[in-house]
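Protein chains: 2
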Amino acid sequence: MAETESEASPARRGRPGYDQETVLRRAIDLFNEHGYDGASMGDLAKALGFTKSAIYHHVPSKSHLLEQALDEALDELTAMIDAAVSASGGTAYDRLRSAVRGSVEILVSHLPAVTLLLRVRGNSEVELAALRRRRELDDKLAELVTAAIAEGAIRDDIPPDLASKLLFGMVNSLIEWVRPDGHYEPGVVADAITTIAFDGLNR
Amino acid sequence: MAETESEASPARRGRPGYDQETVLRRAIDLFNEHGYDGASMGDLAKALGFTKSAIYHHVPSKSHLLEQALDEALDELTAMIDAAVSASGGTAYDRLRSAVRGSVEILVSHLPAVTLLLRVRGNSEVELAALRRRRELDDKLAELVTAAIAEGAIRDDIPPDLASKLLFGMVNSLIEWVRPDGHYEPGVVADAITTIAFDGLNR
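Protein sequence lines correspond, in order, to chains A and B.
For the first sequence, the numbering used here begins at 1 and goes up steadily by one.
For the second sequence, the numbering used here begins at 204 and goes up steadily by one.
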């Protein structure tokens, strides 16, 4: 009974060796390589060695895969930002620095899913819903910047929303070159970002 | 005679009201909306009100349009960076700041073409050639950072290539939200970037 349930669970469906997780990872890579609109279910089937019809035994639709990928990135970012925002004890400045470091960590550890999220253009309901969730996160980060200005920790001569866009723009630009096994450790990258953003490059 | 030459020139080919420039602009927008791989010549024809076969009277191929768009962005950036690098009189630090401001200006004034360039993945020979040219520009910018460190103007506790990646990563992140007619003037954005990057957010 337990074994039957296990075999019928979503993680076990489909051809041996290709669980849902494997299919999702391959789909995310394909979407990132060719753009979501430019990658077809036929391409995914080919990449996995399925026929074009067999792929639908594994996933209901392309947009379902996109939704799972975007949810992965958004759930991770939401949990981290909510934890940073609600951290007790420290200042808003501490919480902002912690959100920057947390963003770098998630960006590296969930690189393919976050890359997909940051390239979403709003071409479908799934993409629009992801953009709405992303905007909520951006708003929370901008509020942290505003609070850090209000407590006098960071400069007030740059509009808070602009400072927030540029700060997290620098963080998000990592997707263009950072790799989990790359030349620079995530901690080194996070140090460099916080040093540049808060202390500046000037000697 | 003069008039015949004018009508046969590339800018005048095709259906009245749709010169090559209009076709290129519409193509760049489509590539940015759906990704290059996700936008077909059929989509472009539809957007311009052509039949699918008529579009080939206007442009030889989709990759030709991509090449023109990427060349536009790369030519502008190359001219600006070469001018900044070879400017006489100032320090490497001055030249670096000038390259940052120049990048912001080109990014705003050639936003669609630069957006396309920054999203190129290397899926074709045209894309690979653009990535090679982009890497040459990135190398010149990293050399400017190295020179500014060597003259003692900027801090030496961040590896030059990492500092350069993050600095211009912040600049390039503008494509996600900046608009030529947007809320913030390009000069205000350039000021905010140079202030954050060189002086830091700390009060």
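The beta-carbon is built from N, C-alpha and C at its ideal position, and this holds for glycine as well.
How long is the line joining the alpha carbons of K265(B) and V329(B), rounded to whole angstroms?
Computed Cα separation, rounded: 11 Å.
How many Å lie between R304(B) and A190(A) at the Cα?
Going by the C-alpha atoms only, they are around 25 Å apart.
Can you find the residues in the same chain that come closer than 7 Å, C-beta to C-beta, to T318(B), ignoring five residues on each side of it along the sequence?
Contacts found: N235, I378.
Since S306(B) contacts V381(B) with CB under 8 Å, what's their CB separation in whole angstroms?
Between S306(B) and V381(B) a beta carbon distance of about 12 Å is seen, past the 8 Å cut, so the two are scored as non-contacting.
Chain B partners of H34(A), CB-CB under 8 Å?
Near H34(A) (Cβ distances below 8 Å), the residues of chain B are G238, D240, G241, R324, N326.
Taking C-beta pairs closer than 7 Å, name the residues in chain A that K368(B) reaches, listed in chain order.
The contacting residues are W177.
I158(A) (DSSP reduced to helix, strand or coil):
Of the three classes helix, strand and coil, the one that applies to I158(A) here is coil, per DSSP.
Would you say L162(A) lies against chain B (beta-carbon separation less than 8 Å)?
At least one C-beta of chain B is nearer than 8 Å to the C-beta of L162(A).
Segment limits, alpha helix (DSSP H) that includes E224(B)
E224(B) -> alpha helix (DSSP H) spans 223-237.
For the region 371-405 of chain B, list the alpha helix (DSSP H) runs that are entirely contained and at least 4 residues long, ordered along the chain.
If we require 4 residues or more, the alpha helix (DSSP H) runs fully inside the region 371-405 of chain B come out as 389-397.
If the cut-off is 7 Å on Cβ atoms, which residues from the region 347-366 of chain B count as contacting chain A, listed in chain order?
Cβ contacts with chain A come from G355, A356, I357, R358, I361, L365, A366.
To test your reading of the DSSP string, which unbroken alpha helix (DSSP H) runs of 4 or more residues are found completely within the region 55-95 of chain A?
Entirely contained in the region 55-95 of chain A, the alpha helix (DSSP H) runs reaching 4 residues are, in chain order, 62-86.
Using 8 Å as the threshold, is the region 275-294 of chain B in touch with the region 344-354 of chain B, meaning 3 or more CB pairs across them?
The region 275-294 of chain B is in contact with the region 344-354 of chain B.
Cβ closer than 7 Å: which chain B residues qualify as neighbours of D199(A)?
Listed along chain B are G403, N405, each with a C-beta nearer than 7 Å to that of D199(A).
Which same chain residues, not among the five before or five after R218(B), have their C-beta less than 6 Å away from its C-beta?
Its pLDDT being 48, under 50, R218(B) is placed unreliably by the model, and the measurement read from it follows with that caveat. Nothing meets the Cβ criterion.
For the region 257-271 of chain B against the region 222-232 of chain B, do three or more pairs of beta-carbon atoms, one drawn from each stretch, fall closer than 8 Å, so that the two count as touching?
Short answer: they touch.
Note down the Cα distance separating R337(B) from L277(B), rounded to an integer number of angstroms.
So the two alpha carbons sit approximately 7 Å from each other.
Selection from D161(A), S173(A), F50(A), R203(A) that minimises the alpha carbon distance to Y387(B):
The shortest C-alpha separation from Y387(B) is found at D161(A).
Pairwise C-alpha distance: A99(A) and S164(A):
Their backbone Cα atoms lie some 11 Å apart in a straight line.
Can you tell me whether G217(B) is helix, strand or coil according to DSSP?
Interpretation of G217(B) is limited by its pLDDT of 46, a score under 50 that renders its predicted location unreliable; the figure taken from the coordinates is listed afterwards. G217(B) sits in coil when the DSSP states are folded into three classes, being neither helix nor strand.
How far does the alpha helix (DSSP H) with D341(B) in it extend, from its first residue to its last?
Run containing D341(B): 328-353, per the alpha helix (DSSP H) assignment.
Classify S109(A) as helix, strand or coil using the three-state DSSP reduction.
Secondary structure at S109(A): helix, using DSSP grouped into helix, strand and coil.
What whole-angstrom Cβ distance do R335(B) and R203(A) have, given they're in contact under 8 Å?
Contact between R335(B) and R203(A) does not hold, since their C-beta atoms are separated by about 33 Å, which reaches or exceeds 8 Å.
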